[in-house]
Each structure stands twice: as structure tokens, then as C-alpha cells.
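S.K.: Mind having a look at this structure? Questions to follow.
Chains as they are written, first to last, in our numbering: chain C, 2 to 215; chain B, 2 to 215.
And the structure:
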């Protein structure tokens, strides 16, 4: 099945909502109830979930538990995923702690930094190793997802080292586009870009208030 | 001018690239050179920058410094913007430190938390105040942008308090959609959703590798 990143992001949101409904003992929900409850679009829900038709009962809605299980499987969240964080500064450390604190399929399996003061310390439950250990530690612990939280100038080199060690997905906090080989996927998270987007609408309140796209 | 969030995000990226070019002493750049250098799309650049036509010289390209200044003004980044961070846990603290460490128009002017152990401490250069101080501190320091970094269950209440105190833009790290009144803009940053997106393509390498949309 071919799914765009924006659709995937919406499926992730549906998953969170379905978990809350399950926690409240709800077994069935209509797209309209679902939309009203979580401030989503009923038409969009119906479109996104059309491929999961077997869980939709005409005139009644969706069965919560089977739909939840199906989306979890589709997204690959029924498996454990090991992450490696490179750059244990404020953002990298916070990310490791954040993932460590929350339940879910993600485990921070390794952390790397070039600062000798950070190497050997434990952050968010993970021992910080020198960057030179990427080549051995990443394949050893079967890590496939890398988090790049180093300064912009170092990001490409770190990304190359991660990919050489077997990483296939990169979440990039550095404010730079990374070049990767085919089969490697990157996702940029640039917090300043989000702030700049907010500021644009702030400085010109008369500008469009089109709802967020992601 | 009516600009979509995705276009704004691209303008932010162009701005970073233009700053690098200026730092290297480049005065003029063609859309093709610009695209090649920073791994962007030349056609997209031309389309996005068409409204800044006065800085494009046919057959030559764009004048770096005037274009940079114009985009900076358009995005409102020639002004100082005060932020308030609510929730000084790992993510909120990292965000405050991250903004404090980097130059730019953003200043963390206030930090709030309900944990008595955190109140009174200084994080990223800002004194942590109790959440009850939002109503007085936010207008006092002319803060217009709020960062919500509290657990999902508390996010809506905090958002309501921020908006009541005068906040008009909310960057939300909590994994929940916020309801806001008209004229208030929210941007969700859910790190787990980005991880979930990466995992989808990881577990099914045969799936589409369409490039990232944002």
C-alpha cells in the first residue's frame, strides 16, 4: 500500500485517538463522533480509513479494537524499534529522555557524542559512547533509525557514518538538508522553522488562517 | 499576501541558504545554482520567489542580500519575538536551552512549571515561575508565542490559560489537538509521529519513497 507522509501522520493521530477511546471502553465509533470528539475532519477520516473497510459498519461506524490493531500493524508499531541518538546536547538528551519516559515501540539503544565530558555518562538510560563507536555499535544493536542532533556543520558527516553503519531512517534536528543514498529516508524537524511559520501569521493577523496541513 | 504553511517553511529554508551564501561572499545566485547547492528544486524556488520578482535578474539570478532582507521582513524576523515555555520537563527545558543557545529573533522570556522543585530554578537563562503566574507574566513581558510542553492531559488547560493571557501563537509538543478561538494559531510538533512515519517506510522498504512534503 502506498501511503503519503501526511496520510501516515494522520494515521498516527487516529491511533492515539483510538487508544483513548479504547481506554474509555468505547467499542464502536462513527466517523462523525470520532471527528467531533478529537476535532478532526469526518470526511478525511472516512477517506483515510476507506482502505480499512472491513472495520467500517455502514450506519454504525468503526470497530475500535480491530481498527487500532490494523493501523498499529500497518505502521509497523507492533515491533520494537531501536534508535541511536547522535549529539547528546540539550536537544539530543531531551529526545533520549522523552523516548525513555514514554511507553511504546521505540527504544533508545545507543547515544553518541564527541565531547569527552559527555562520553561515559548515562542519559535517558543510555550510555553515551564516542562518535567513533557508531560503526560497531549500530550493527551490534541492530539499530535502524538514527537521530541527528548535532550542529549543522557536522550533520552530513554524521549522517554518512550512520548510513554506512546500517541506518535506514534518519530524523534530523540539524537545520540543513541531508544528502542520502537511495533507500535511506530522512525527516527534518527544524524547531525554528515552526516558530518562523507562527511568527508570519502573528505579525500579519489579517493573513490567511488556513488550518495546519500536517 | 497569502502564503501557506508549506511555502513559509520553504522560505525559512531559503533564508538559511541565503545566509550561508552571504557568509561566503556570494552576491548573486541563479535558481539552478541555488537548487544544486542546497539540494532543492529549481522550479519550486522560481515559483516560490516569483512574488519577489524585483530581486530576480533574468538570465542571472537573484541578488542575495536584498532577497534575504525581503524574506526576513516578510516572515517578521526583523523583529524580536518573546516566547513563553510551559512545562520545563526534558523537552521544554531543551527547547529553552536550544533557543537560548542560538542567535536569532526569538527570546525565551518566561518559563512555567507546576513542579515546586522546578520553580525558582533558572533553565536556559530563564527563571521558572509557577503556572499560576501565566496570567500576569505573559502580558507584562509582551509574550505572544507560547510553547506547550506539558503532558497531553494538561495541554488544553494550559493552552486556554496562555490564550487568556494574550498568547496568539502556540507551538504544541503535547500529542493532542488543541481547541483555540479564532485568531489563535497552533502548530503541532509531535516527535513520535515523525518516528512513526519513518518506521512505516522502514518496515516496508518496497513502499513508496516519495520525498518529504514539508
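Glycine residues also receive a C-beta, built at the ideal position from the N, C-alpha and C atoms.
Note that the structure is a prediction, hence the values are computed from the model and not measured.
Taking 7 Å as the line, does the beta carbon of residue 196 of chain B fall inside it for any heavy atom of the ligand SAM?
M.R.: No copy of the ligand SAM occurs in the structure displayed, which carries no ligand at all.
S.K.: Identify the continuous alpha helix (DSSP H) that holds residue 94 of chain B and give its terminal residues.
M.R.: Where residue 94 of chain B is concerned, the enclosing alpha helix (DSSP H) stretches over 91 to 102.
S.K.: For residue 101 of chain B and residue 194 of chain C, I'd like the C-alpha separation in whole angstroms.
M.R.: Going by the C-alpha atoms only, they are around 16 Å apart.
S.K.: List, in chain order, every chain C residue whose beta-carbon is nearer than 8 Å to that of residue 178 of chain B.
M.R.: Simply 14, 39, 40, 41.
S.K.: Strictly below 8 Å CB to CB, what residues from chain C border residue 122 of chain B?
M.R.: Here the premise fails: no neighbours, minimum Cβ distance about 15 Å.
S.K.: Going by beta-carbon coordinates alone, are residue 105 of chain C and residue 150 of chain C separated by less than 8 Å?
M.R.: For residue 105 of chain C and residue 150 of chain C, no; Cβs fall outside 8 Å.
S.K.: Closer than 9 Å, Cβ to any Cβ of chain C: which residues of the segment 69 to 80 of chain B, in chain order?
M.R.: So the list reads 75, 76, 77, 78, 80, given in the order they occur along the chain.
S.K.: Can you pull the chain C residues whose beta carbon is under 8 Å from the beta carbon of residue 202 of chain B, in chain order?
M.R.: Per Cβ cutoff of 8 Å: 170, 186.
S.K.: Roughly how many angstroms separate the alpha carbons of residue 211 of chain B and residue 69 of chain C, rounded to a whole number?
M.R.: With a pLDDT of 43 at residue 211 of chain B, under the threshold of 50, the modelled position of this residue cannot be trusted; read the value that follows with caution. Rounded to whole angstroms, residue 211 of chain B to residue 69 of chain C spans 26 Å at the Cα level.
S.K.: Got a sec? Which residues, its chain only, sit under 6 Å from residue 28 of chain B by beta carbon, not counting five neighbours each side?
M.R.: So the qualifying residues of the chain are 65.
S.K.: Is it a yes or a no for the segment 127 to 145 of chain C touching the segment 158 to 170 of chain C, going by three-plus beta-carbon pairs under 8 Å?
M.R.: Segments in contact, yes.
S.K.: Kindly confirm or deny that the segment 195 to 206 of chain B and the segment 108 to 126 of chain C touch, where touching means at least three C-beta pairs closer than 8 Å.
M.R.: Verdict: no, contact absent.
S.K.: When we look at the beta-carbon of residue 127 of chain B and count the other beta-carbons within 10 Å, is it buried (16 or more) or exposed?
M.R.: When all chains shown are included, residue 127 of chain B counts as buried.
S.K.: Hey, could you find the ends of the alpha helix (DSSP H) residue 219 of chain B is sitting in?
M.R.: Since the displayed chain B opens at 2 and closes at 215, residue 219 of chain B lies outside it and no answer follows.
S.K.: Can you tell me which residues form a DSSP beta bridge with residue 173 of chain B?
M.R.: In the DSSP output, where bridge partners are listed per residue, residue 173 of chain B has B/149, B/189.
S.K.: Going by DSSP, name the residue or residues bridged to residue 131 of chain C.
M.R.: BP columns for residue 131 of chain C point to C/114.
S.K.: Please confirm whether residue 163 of chain B has its beta-carbon closer than 8 Å to some beta-carbon of chain C.
M.R.: Not an interface residue.
S.K.: How many Å lie between residue 85 of chain B and residue 43 of chain B at the Cα?
M.R.: Straight-line Cα distance between these residues: approximately 37 Å.
S.K.: For a contact defined as C-beta to C-beta under 7 Å, what are the partners of residue 10 of chain B on chain C?
M.R.: In chain order: 194, 198.
S.K.: Straight-line CA distance for residue 97 of chain B to residue 173 of chain B?
M.R.: Approximately 14 Å, taken between the alpha carbons.
S.K.: What are the start and end residues of the beta strand (DSSP E) that includes residue 83 of chain B?
M.R.: It spans 82 to 87 - the beta strand (DSSP E) in which residue 83 of chain B sits, taken as one unbroken run.
S.K.: In terms of residues, what are the limits of the alpha helix (DSSP H) holding residue 119 of chain B?
M.R.: Note, residue 119 of chain B: premise wrong, no alpha helix (DSSP H); not H, not E.
S.K.: Please name the residue in B/159, B/153, B/183 whose C-alpha comes closest to that of residue 14 of chain C.
M.R.: If we check each option's Cα against that of residue 14 of chain C, B/153 comes out closest.
S.K.: Would the beta-carbon of residue 170 of chain B fall within 8 Å of that of residue 199 of chain C?
M.R.: Going by C-beta atoms, residue 170 of chain B is nearer than 8 Å to residue 199 of chain C.
S.K.: Between the segment 129 to 148 of chain C and chain B, which residues of the former have a C-beta closer than 8 Å to a C-beta of the latter?
M.R.: From the segment 129 to 148 of chain C, only 145, 146 have a Cβ closer than 8 Å to chain B.
S.K.: Enumerate in chain order the residues of its own chain whose CB-to-CB distance from residue 185 of chain B is below 6 Å, with the five nearest sequence positions on each side excluded.
M.R.: Around residue 185 of chain B: 164, 169.
S.K.: Give the DSSP-derived three-state secondary structure of residue 144 of chain C in the structure shown.
M.R.: The answer is coil: DSSP assigns residue 144 of chain C none of H, G, I, E or B.
S.K.: Return the residue from the list B/49, B/72, B/81, B/80 that minimises the CA-CA distance to residue 19 of chain B.
M.R.: Nearest of B/49, B/72, B/81, B/80 to residue 19 of chain B, Cα basis: B/72.
S.K.: Return the residues of the segment 87 to 98 of chain B that lie within a Cβ-Cβ distance of less than 9 Å from chain C, sorted by chain order.
M.R.: So the close ones are 90, 91, 92, 93, 94, 95, 96, 97, 98.
S.K.: Would residue 105 of chain B pass as an interface residue toward chain C - the criterion being a Cβ-Cβ separation below 8 Å?
M.R.: Yes - at least one Cβ of chain C is within 8 Å of the one on residue 105 of chain B.
S.K.: For residue 190 of chain C, return the contacting residues in chain B, with the cut-off set at a CB-CB distance below 8 Å.
M.R.: What residue 190 of chain C touches in chain B: 190, 192, 195.
S.K.: If you draw a straight line from the C-alpha of residue 125 of chain B to the C-alpha of residue 35 of chain C, how long is it?
M.R.: Distance between the alpha carbons of residue 125 of chain B and residue 35 of chain C: 40 Å.
S.K.: For chain C, check one thing: does any of its Cβ atoms lie closer than 8 Å to the Cβ of residue 47 of chain B?
M.R.: For residue 47 of chain B, the answer is no, since every Cβ of chain C falls outside 8 Å of its Cβ.
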